[in-house]
Amino acid sequence: MKLSEQGIAFRNLKTGKAETLAPSDIAVEQSRLEKFFKNTLNKTMTEKEFSVKGWNYGAAKFEGSVLSFEVSNLTSFEIPLHNVSSCTTGKNEVTLEFHQPDEAPTNLMEMRFHIPTSELAGEDPVEAFQQKVSEKASILTATGESLVTFQELHCLTPRWGHKLVAYKKVLCCSGRYDIKCYPTFLQLHGKSFNFNIPVESVLRLFLLPHMDGRHHFFVVSDTSLFG
Numbered sequence: 019m020k021l022s023e024q025g026i027a028f029r030n031l032k033t034g035k036a037e038t039l040a041p042s043d044i045a046v047e048q049s050r051l052e053k054f055f056k057n058t059l060n061k062t063m064t065e066k067e068f069s070v071k072g073w074n075y076g077a078a079k080f081e082g083s084v085l086s087f088e089v090s091n092l093t094s095f096e097i098p099l100h101n102v103s104s105c106t107t108g109k110n111e112v113t114l115e116f117h118q119p120d121e122a123p124t125n126l127m128e129m130r131f132h133i134p135t136s137e138l139a140g141e142d143p144v145e146a147f148q149q150k151v152s153e154k155a156s157i158l159t160a161t162g163e164s165l166v167t168f169q170e171l172h173c174l175t176p177r178w179g180h181k182l183v184a185y186k187k188v189l190c191c192s193g194r195y196d197i198k199c200y201p202t203f204l205q206l207h208g209k210s211f212n213f214n215i216p217v218e219s220v221l222r223l224f225l226l227p228h229m230d231g232r233h234h235f236f237v238v239s240d241t242s243l244f245g
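Quick note, this note's numbering runs 18 ahead of the 1-based positions in the sequence shown.
This is the structure we're talking about:
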């Protein structure tokens, strides 16, 4: 898809056929849609302007179950919070991870928000942000006692995804995690990051020998990362 002053151009990736929708055609279709919603659903269709500046800083606002990111008082993008599978916090940031649909060839894995420190006494904007997300998100939560707990395990995790997997050409950082196993997911709690791995997303388990001949690597292959 290509946007220009001449209109919107679509190109079929398989056939190569291109179609262009002119601005005048858009106005005609808009009028038809307005009549349809009015006559069929008794709803009035209104125009909404979006920010297309491409800035990565703005204001986050919560409206019901939707997180709206606004730039210059205009919506830049929206996140339906029911798509969020995990919400973790750092010193001045909040990381959102998303549920991964099996049928989608390309998925958004995670998104990070840097939140400046508030000058108001007694207010933690990072915790407030996390609380608002958690109220509407579909996050795996621990109920009852874990089946088994492994404390202070040394893990290798990809820096960009923080997944407990092995992946070539990814810089890895070391860390120690407490791992709790629940019937439906694995919960990893570290010094800087916490996240959950649904059991249904685990594709394979590998036990690989270390070169020192005394230790082993236990590798979890997560389908949400490898597709």
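Don't be surprised by glycine CBs; every beta carbon is placed ideally from N, CA and C.
- Look at residue 228 here: in three-state DSSP terms it is coil, with no helix or strand label.
- If you draw a straight line from the Cα of residue 208 to the Cα of residue 122, it is about 30 Å long.
- In the structure shown, the three-state DSSP call for residue 58 is helix.
- When the five nearest sequence neighbours on each side are left out, the beta carbons in the same chain lying within less than 6 Å of the beta carbon of residue 71 are those of 89, in order along the chain.
- Out of 79, 104 and 103, the CA that lies nearest to the CA of residue 95 is found in 79.
- Straight across, the Cα-Cα distance linking residue 67 with residue 99 is about 22 Å.
- By the neighbour-count definition (other C-beta atoms within 10 Å, threshold 16), residue 230 is an exposed residue.
- Ranked by Cα distance from residue 102, the first of 165, 156, 82 and 227 is 156.
- Boundaries of the beta strand (DSSP E) around residue 27: 25-29.
- Rounded to the nearest angstrom, the Cβ distance from residue 107 to residue 213 is 12 Å, too far for a contact under 8 Å.
- Per DSSP, the beta-bridge partners of residue 132 are 111.
- Looking at the DSSP output, residue 102 shares a beta bridge with 116.
- Rounded to whole angstroms, residue 227 and residue 170 show a C-alpha spacing of 20 Å.
- Between the alpha carbons of residue 237 and residue 154 lies a gap of roughly 32 Å.
- Going by beta carbons, residue 115 and residue 130 fall outside the 8 Å limit.
- Relative to residue 83, the option among 152, 222 and 194 whose CA is nearest is 152.
- Secondary structure of residue 201 (DSSP, three-state): coil.
- Excluding sequence positions up to five before and after residue 150, its CB lies within less than 6 Å of the CB of 80, all in the same chain and listed in chain order.
- Residue 53 has its alpha-carbon roughly 42 Å from the corresponding atom of residue 113.
- Minimum Cα-Cα distance from residue 128 among the listed residues 118, 135 and 134 corresponds to 118.
- In this chain, residue 143 is not harboured by any beta strand (DSSP E); it is covered by the alpha helix (DSSP H) spanning 143-154.
- Only residues of its own chain outside the window of five on either side were considered, and among them 67, 68 and 69 have a CB closer than 7 Å to the CB of residue 92, listed in chain order.
- By the beta-carbon neighbour count (other beta carbons within 10 angstroms, threshold 16), residue 225 is exposed.
- Assignment of residue 237 by DSSP, reduced to helix, strand and coil, places it in the strand class.
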